[in-house]
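Asks: Structure in structure tokens, see below.
Number of protein chains: 2
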Amino acid sequence: MPDHNELALIDWIRQRAASAPSLQLGIGDDCAVWQPSGSPLLFTTDVLMEDVDFRVVETTPQLIGRKAMAVNLSDIAAMAGRPIAALVGVALTKSRGFEFAKHLHEGMQLLSEEFGVAIIGGDTNTWDGPLVISVTLIGEATERGPVRRSGAKPGDWLFVTGPLGGSILGHHLTFTPRVREALELHRLVDLHAMIDLSDGLAADLHHLLDESGVGATLFEDSLPVSEAARRMTDGRSSLEHALSDGEDFELLFAVSPSDGEKLFATASGVTATRIGEIESQPGCRIQMRDGSLRDVPRGGWEHSF
Amino acid sequence: MPDHNELALIDWIRQRAASAPSLQLGIGDDCAVWQPSGSPLLFTTDVLMEDVDFRVVETTPQLIGRKAMAVNLSDIAAMAGRPIAALVGVALTKSRGFEFAKHLHEGMQLLSEEFGVAIIGGDTNTWDGPLVISVTLIGEATERGPVRRSGAKPGDWLFVTGPLGGSILGHHLTFTPRVREALELHRLVDLHAMIDLSDGLAADLHHLLDESGVGATLFEDSLPVSEAARRMTDGRSSLEHALSDGEDFELLFAVSPSDGEKLFATASGVTATRIGEIESQPGCRIQMRDGSLRDVPRGGWEHSF
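As given, the protein sequences belong to chains H and A, one line each in that order. Counting in the working numbering, the first sequence runs from 1 upward without gaps. Counting in the working numbering, the second sequence runs from 1001 upward without gaps.
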């Protein structure tokens, strides 16, 4: 059975739980009870593991909790959905104690509240092992439906919502999931396909191309390379970092050229940079500044050279 | 980014994924998309951790996967809901390889299918740490609504659906979650309050009593003590095991005396043993065979003597 500290922590979390109009029953019974509105529901889950997704000594428990919520919000954003509720499972390292667990929860809750998400349930455990956090996020599709990875068409323009690469230097803990941007884009234009960049531009673009049955050419000239990517000192170029580094958590999406023009002409409040074009020819290429074409393999160049 | 083995495993899982009429989009995009029927939804999540909830050397990966699904099914049963879909997050120990992961998934999938549950999404990771499995289960309330912990009334009879204690000897890995029993009981009688026994009869009964604002007396004579509880050789009595041991995963429920009589009179196919009575006097007592009354503290006697 749960020990005294686990029960005290669960009580503390329960007292802080937000209510929500559709929530018939929150933390404290065998299940949460939620009345759906009738819209299609979106479900996503992500597990964060100590020393894989974060290092406890290099950050704060608040930022770890924040990241656990943020990566899931990013998945809901990738479908242009509205996040609504979350369940949180944790395996807490006993020796770190109650205060650590509270800060972790605070980090999750602050970001949840910012995005209108109620934490409606969970499972709180302690053990002698490393910290593991599993968040399941529930969202709703808007009246325009969920945006999939599979609808990109030859001729479409490819956009990203922000600079890429070097996320390991800090962005992976502090990024803002592009939920609002996705909803605004979904309202403005017909999003043919979208994905959030978690594995790296090259890998995630390949996922989108595979699902859509198309290829693409990127333009080196237009690729937004982050300051952090330029600060990396491992001998790889900033372009390589922008293509290969994971955890940018920006959105990559494809729209028709006319919708692309519309994005340029509209003061939408969403930063969107055109980085390439969808083509019927399979695979992914990049047009370099010198005019040459270079293959972009699935893992970026990192794993190939 | 995910390594080759992770991607191969995700592909393998995706190919085996069941379809379901309400599932608009399953494994393979940023989120699963599910069309709810309109009934209130039930959500529960449980995290199983190596050497806390199972030992890899003492069992099979199939049974570990089965347990991860079964404990969540038991939570849906506790609300008398219908389970419908699951998301599975895992942190797999790299050195155990692909076959271990497949067997783990098979164990989850076999039990899911038995209960009509579609695995609609997840997050598959490998690391050098111990095995962690997090399952989130989604269910629907029936037209009679979800059964909470909080509705027990003085005079109600208390029932359990099976023998208690000694689960550690094997039952915790092989138990059948009482989903069908709960639905049948919910159809037959007015379930005032229900909980599944995961922390042990004493602890879970106290949860139910706290939420309902009542007390209870148990009858030693009627308590179904499992064979396993009698086989335990740690010097504690089998009664102590039945009261204190966790992971029975039977249902504990309260009904009116007339509904209790109805359960005795009906050939329902559900084993239900009357073990006590709800009273207005707070706390929990047990009437011993010799007629004496003894307090049953929250943790059973285990933590008190």
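Note that the Cβ used here is the ideal one computed from N, Cα and C, for glycine as well.
Could you work out which residue in H:293, H:31 and H:229 is closest to residue 1040 of chain A when comparing CA atoms only?
Replies: Closest option to residue 1040 of chain A, Cα to Cα, is H:31.
Asks: Can you give me the Cβ contacts of residue 1211 of chain A inside the same chain, cut-off strictly under 6 Å, excluding the 5 residues immediately before and after it?
Replies: If we look at residue 1211 of chain A and ignore the five residues flanking it on each side, its Cβ neighbours are 1149 and 1150.
Asks: Closer than 6 Å by C-beta to residue 47 of chain H: which residues in its own chain qualify, once you throw out the five before and the five after it? Chain order, please.
Replies: Correct list, in chain order: 134.
Asks: State yes or no: is the C-beta of residue 152 of chain H within less than 7 Å of the C-beta of residue 13 of chain H?
Replies: Cβ distance not < 7 Å, so residue 152 of chain H and residue 13 of chain H don't count as in contact.
Asks: Please identify the residue among A:1038, A:1028 and A:1023 whose C-alpha is closest to the C-alpha of residue 22 of chain H.
Replies: Taking only the C-alpha atoms, the option nearest residue 22 of chain H is A:1038.
Asks: Within its chain, find whatever has a CB closer than 7 Å to the CB of residue 1259 of chain A; leave out the 5 residues flanking it on each side and keep chain order.
Replies: The answer, listed in chain order, is 1189 and 1190.
Asks: Is residue 1143 of chain A near residue 1270 of chain A, with beta carbons less than 7 Å apart?
Replies: Going by C-beta atoms, residue 1143 of chain A is not nearer than 7 Å to residue 1270 of chain A.
Asks: Take residue 9 of chain H as the anchor and find which of H:217, H:224, H:104 and H:282 has the nearest alpha-carbon.
Replies: Cα-wise, what sits closest to residue 9 of chain H is H:104.
Asks: Note the first and the last residue of the continuous alpha helix (DSSP H) segment covering residue 1079 of chain A.
Replies: Note, residue 1079 of chain A: premise wrong, no alpha helix (DSSP H); not H, not E.
Asks: In whole angstroms, give me the CA-to-CA distance for residue 1217 of chain A and residue 1293 of chain A.
Replies: Whole-angstrom Cα-Cα distance: 9 Å.
Asks: Give, in chain order, every residue of the stretch 1154 to 1177 of chain A whose Cβ lies closer than 7 Å to some Cβ of chain H.
Replies: Listed by position, the residues of the stretch 1154 to 1177 of chain A near chain H (Cβ gap below 7 Å) amount to none.
Asks: In this structure, what does DSSP give as the bridge partners for residue 278 of chain H?
Replies: Its beta-bridge partners are H:216.
Asks: Would a check of beta-carbon distances place residue 1087 of chain A closer than 7 Å to chain H?
Replies: Yes - at least one Cβ of chain H is within 7 Å of the one on residue 1087 of chain A.
Asks: Nearest to residue 176 of chain H by alpha carbon, out of H:141, H:251 and H:156?
Replies: Nearest option by C-alpha distance: H:251.
Asks: Is the CB-CB distance between residue 281 of chain H and residue 219 of chain H below 7 Å?
Replies: No; because the gap between Cβ atoms is not below 7 Å, this pair is not in contact.
Asks: Does residue 1032 of chain A come out as helix, strand or coil in the three-state DSSP assignment?
Replies: Note: residue 1032 of chain A maps to strand in three-state DSSP.
Asks: Would you verify that the beta carbon of residue 31 of chain H is, or is not, closer than 7 Å to some beta carbon of chain A?
Replies: It does: the Cβ of residue 31 of chain H has a partner Cβ on chain A nearer than 7 Å.
Asks: Which of helix, strand or coil does DSSP assign to residue 182 of chain H?
Replies: It is helical.
Asks: Starting from residue 287 of chain H, follow its DSSP beta bridges and name the residues at the other end.
Replies: Beta-bridge pairing links residue 287 of chain H to H:219 and H:293.
Asks: What residues of chain H sit near residue 1127 of chain A, judged by a beta carbon separation below 7 Å?
Replies: The answer, in chain order, is 49 and 52.
Asks: Applying a beta-carbon distance threshold of less than 8 Å, which residues of chain H neighbour residue 1079 of chain A?
Replies: By Cβ distance, chain H contributes 29, 30, 31 and 33.
Asks: Does the separation of the CB atoms of residue 1091 of chain A and residue 1120 of chain A fall below 7 Å?
Replies: Result no, Cβ atoms of residue 1091 of chain A and residue 1120 of chain A do not sit closer than 7 Å.
Asks: Would you list the one or two residues that DSSP bridges to residue 1125 of chain A?
Replies: A:1091, per the DSSP bridge assignment.
Asks: For residue 1062 of chain A, count the other beta carbons within 10 Å of its own beta carbon; 16 or more makes it buried, fewer makes it exposed. Which is it?
Replies: The residue in question, residue 1062 of chain A, is buried, as its Cβ has 16 or more Cβ neighbours within 10 Å.
Asks: Check whether the Cβ atoms of residue 1272 of chain A and residue 1161 of chain A sit closer than 7 Å, and answer yes or no.
Replies: Cβ distance < 7 Å, so residue 1272 of chain A and residue 1161 of chain A count as in contact.
Asks: Classify residue 1094 of chain A: buried if its beta carbon has 16 or more other beta carbons within 10 angstroms, exposed otherwise.
Replies: It is exposed - the Cβ of residue 1094 of chain A has fewer than 16 other Cβ atoms within 10 Å.
Asks: Please state the DSSP three-state secondary structure of residue 1005 of chain A.
Replies: Looking at residue 1005 of chain A - three-state DSSP - the assignment turns out to be helix.
Asks: Within this structure, are the beta carbons of residue 136 of chain H and residue 45 of chain H separated by less than 7 Å?
Replies: Going by C-beta atoms, residue 136 of chain H is nearer than 7 Å to residue 45 of chain H.
Asks: Could you tell me the alpha carbon to alpha carbon distance between residue 173 of chain H and residue 52 of chain H, rounded to whole angstroms?
Replies: Going by the C-alpha atoms only, they are around 13 Å apart.
Asks: From which residue to which residue does the beta strand (DSSP E) around residue 1140 of chain A run?
Replies: Element bounds for residue 1140 of chain A: 1132 to 1141.
Asks: Sort H:268, H:299, H:233 and H:179 by Cα distance to residue 246 of chain H and report the nearest one.
Replies: Selected option, being the one with the closest Cα: H:299.
Asks: Evaluate residue 1257 of chain A with the Cβ neighbour count: other Cβ atoms within 10 Å of its Cβ, from every protein chain shown; 16 or more gives buried, anything less gives exposed.
Replies: Classification of residue 1257 of chain A: exposed, given that the 10 Å Cβ count is below 16.
Asks: If contact means a Cβ-Cβ distance below 8 Å, which residues of the stretch 1265 to 1298 of chain A contact chain H?
Replies: Within the stretch 1265 to 1298 of chain A, no residue qualifies.
Asks: Does residue 45 of chain H come out as helix, strand or coil in the three-state DSSP assignment?
Replies: DSSP places residue 45 of chain H in strand when its eight states are reduced to three.
Asks: Quick one: which unbroken beta strand (DSSP E) runs of 3-plus residues sit fully inside the stretch 1236 to 1267 of chain A? Chain order, please.
Replies: If we require 3 residues or more, the beta strand (DSSP E) runs fully inside the stretch 1236 to 1267 of chain A come out as 1251 to 1255.
Asks: Please tell me whether residue 1253 of chain A and residue 1074 of chain A are closer than 7 Å, where the distance is taken between their beta carbons.
Replies: It is not a contact, given that the beta carbons lie outside the stated cut-off.
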